[in-house]
């Protein structure tokens, strides 16, 4: 860390080269427009990282902030930003998003690597004004719906689609199916046709069933749940079944259990998982809900910066492009902080045991799932993958600071 790179530059470094290439692919762009592609996107990257609610606030911030001037952000009008949202095609931002997914080395959660690639999928509504008639939802209201697949293995969004409120969630899932991937979904995705299509693609699923689904039991399977977790789940059953309304007459596996007054029936085509793994992987579906909350509340994505249909698509790609460098930066800071601590002779119990729960440390005979899924949901997930408001605030307040070991130490107090 001997260079004088600013924190903001360090964060956006994974995407900076791709942004320059995209800008250079537009002949005469920088000569024609005051707010050309590169400064437009740099302005918006800073806006997202700094939790700006609107273009007007961004314009005011740039005009009145010494930090914005130090970062070299373009001082332009609100109308220029609005025009840029319409001028630049969503597919340019889409390409940047997928380039980031391929090029950035995100940390994988090792405890679940043996379970394959895991993608919870769900949707969330974003309010739209009445003049956005293309974003139809109900007769008297408009809304956007963001459909998203969130990879648990790396804790990042990997597929998404912005549509009007009526777009089918099952259609979104059909369009993203990949061989070998396990899709984890709620009851809105229940469809025997969809189950068949997932199997036909060589993919897998864990989907919560509906209470009125009738089936015949073909085989009772042994329930495998570690004793230490039995206090959380009751009435656990594991079956191979055939559903009465399934015209294909396919045998699926269901895991039934209760938590409090709530009963769950999970349908899956993965016979290799233990009962516990099926339950815990469905519980991990909540990570996609947490990401929606983070996008709406922490990054202020619930506030639209443009009402143009293509501009809205671009805005959500920009949010994802802004998000992806954040966990990568956090992980680099965490690794650097640990290296710094070890170089000073500090070797805490946390480092020795790599964040595993106390009850499962140094017990090699325990099956991996007993400690793995729980450890990454707990403290380890918080340190390496979660982007919290306090950490993001600390980052925002140091964007113009030189990125060095002192900054790493400061940010590590918020990990």
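Residue numbers (the numbering used here): 5 to 419. Think of the CB as a built atom: it goes at the ideal place given N, C-alpha and C, for glycine as much as any other residue.
When the five nearest sequence neighbours on each side are left out, the beta carbons in the same chain lying within less than 7 angstroms of the beta carbon of residue 147 are those of 129, 130, 131, 132, 139, 141, 169, in order along the chain. Per DSSP, residue 144 lies in no alpha helix (DSSP H) segment and is marked neither H nor E.
DSSP places residue 28 inside the alpha helix (DSSP H), whose first and last residues are 11-28. Membership of residue 90 in the alpha helix (DSSP H) is indicated by the continuous run 82-91. Residue pairing of residue 163 in beta bridges, as defined by DSSP: 153. The Cβ neighbour count for residue 395, taken over all protein chains shown within 10 Å, is at least 16; the residue is labelled buried. In the DSSP assignment, residue 255 forms a beta bridge with 246. Residue 130 is bridged by DSSP to 148. Looking at 34, 123, 322, 222, the one whose alpha-carbon comes closest to that of residue 211 is 123.
A check of alpha carbon separations from residue 207 across 227, 179, 222 identifies 179 as the nearest.
Cβ contact annotation for residue 191 (same chain, cutoff 8 angstroms, sequence separation greater than five): 211, 212, 213, 214, in chain order. Shown here, residue 193 sits in a helix according to DSSP, grouped into three states. Within the region 261-309, the complete alpha helix (DSSP H) segments at least 4 residues long are 279-287, 290-297, listed from N- to C-terminus. For residue 290, the number of other beta carbons within 10 angstroms of its own is below 16, and it is reported as exposed. Residue environment analysis places residue 28 among the exposed positions, since fewer than 16 neighbouring C-beta atoms fall within 10 angstroms of its C-beta. Within the same chain, 208 come within 6 angstroms of residue 274 by CB-CB distance, once the 5 residues on both sides are set aside. Less than 8 angstroms divides the Cβ of residue 229 from the Cβ of residue 240.
Counting along the chain, residue 46 sits inside the alpha helix (DSSP H) bounded by residues 41-53. A residue is called buried once 16 or more other Cβ atoms fall within 10 Å of its Cβ, and residue 265, having fewer, is exposed. For residue 338, there is no enclosing beta strand (DSSP E); the residue is found in the alpha helix (DSSP H) stretching over 329-347. Of all C-beta pairs linking the region 57-69 to the region 112-126, fewer than three are shorter than 8 angstroms, placing the two stretches out of contact. Residue 135 places its beta carbon less than 8 angstroms from that of residue 311. Segment contact: the region 243-250 against the region 144-163, fewer than three CB-CB distances shorter than 8 angstroms; contact not assigned.
The C-alpha of residue 55 lies about 6 angstroms from the C-alpha of residue 304.
By the criterion of at least three beta-carbon pairs nearer than 8 angstroms, the region 256-271 is not in contact with the region 85-99. Between residue 44 and the set 90, 171, 220, 68, the nearest pair of CA atoms involves 90. Residue 226 counts as exposed, since fewer than 16 other beta carbons sit within 10 angstroms of its beta carbon. Taking a 10 Å sphere around the C-beta of residue 149, we find 16 or more other C-beta atoms and assign the residue as buried.
With respect to the 8 angstroms criterion, residue 11 and residue 326 are not classified as neighbours on the basis of their beta carbons.
By the 16-neighbour rule on beta-carbons within 10 angstroms, residue 66 is buried.
Taking all protein chains in view, the Cβ of residue 114 is surrounded by fewer than 16 other Cβ atoms within 10 Å, so the residue is classified as exposed. For residue 108, there is no enclosing beta strand (DSSP E), as DSSP marks it with neither H nor E.
If you look at residue 174, you'll find it isn't in any beta strand (DSSP E); it sits in the alpha helix (DSSP H) that goes 173-180. Exclusion of the five residues before and after residue 336 leaves no residue of its chain whose Cβ lies closer than 7 angstroms to its Cβ. Counting other Cβ atoms within 10 Å of its Cβ, residue 261 reaches 16 or more and is therefore classed as buried. In this structure, residue 177 sits away from residue 205, with a CB-CB distance that is not shorter than 8 angstroms.
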